[in-house]
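With positions in the sequence shown counted from 1, the corresponding number in our numbering is that position plus 101.
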Amino acid sequence: MKEDGMNYRVTMYPDYEDGLFWDEIGARCGTSKYVFVYDEDNSVEVDLSSIVGLSDWVAEWEHYENINLGYMKKVPKIRPEQQKSMDKRGLDFAKAIKRLLPDDVDILYRCSYSDDKFLLTGTSVEKIKG
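Structure (structure tokens):
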């Protein structure tokens, strides 16, 4: 826990394979293989290899993102139902990852295809507006 009594927070947003997690100052702090959390007193690298399918989900997201950015022109863009599925699976992965993190570390999960954000603290999940 930080000195101000607030939990440390990492943001989970699939930007690219090596940038799945971001710390409070906007620096990359994890991939689909690990997340590194730290404060002034200690640091912890959490192994995510037990989260089955996480690497595949990130690779799938990157594939669709490359299509959306126009890097793969002859491939159909992601359909709305696929977008919802990707975001739901991401939230499910965030819940599994939260269970591996120290109690004083929260996850802010930002959906890829909508503006939805979810704050995962302890055992609760709260949808954040705006």
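Note that the Cβ used here is the ideal one computed from N, Cα and C, for glycine as well.
Residue i (DSSP reduced to helix, strand or coil)
i	result
PRO181	helix
ASP188	helix
LEU155	helix
LEU201	helix
GLU146	strand
ASP207	strand
GLU161	helix
MET102	Because the pLDDT at MET102 is just 45, under 50, the model does not fix this residue reliably, and the point stays unresolved.
CA-to-CA distance, residue j to residue i, given in whole angstroms
i	j	result
VAL226	LYS218	10 Å
TRP158	SER150	13 Å
LEU121	LEU220	16 Å
ILE126	MET113	14 Å
HIS164	LYS134	18 Å
SER213	ASP142	33 Å
VAL153	ILE179	23 Å
ASP119	GLN183	23 Å
First through last residue of the beta strand (DSSP E) which encompasses residue i
i	result
LYS230	Element bounds for LYS230: n/a, residue is neither H nor E.
TYR214	Element bounds for TYR214: n/a, residue is neither H nor E.
GLY131	129–131
Cross-strand partners of residue i (DSSP beta bridge)
i	result
SER225	THR222
TRP123	THR112, ARG129
PHE137	GLU146
Cβ of residue i within 9 Å of any chain D Cβ
i	result
THR132	No chain D appears in the structure shown, which is made up of a single protein chain.
Close Cβ partners of residue i (< 7 Å) along its chain, the five nearest in sequence each way excluded
i	result
SER215	ASP188
ASN108	MET102, ASP205, VAL206, ASP207, THR222
LEU155	SER133, LEU149, PHE194
ARG110	GLU125, ASP207, LEU209
LEU192	TYR210, PHE219
Same chain, Cβ closer than 8 Å to residue i, five either side skipped, listed in chain order
i	result
LYS196	LEU221, VAL226
Contacting residues, own chain, Cβ-Cβ under 6 Å from residue i (five flanking each side not counted)
i	result
SER144	none
ARG190	TRP158
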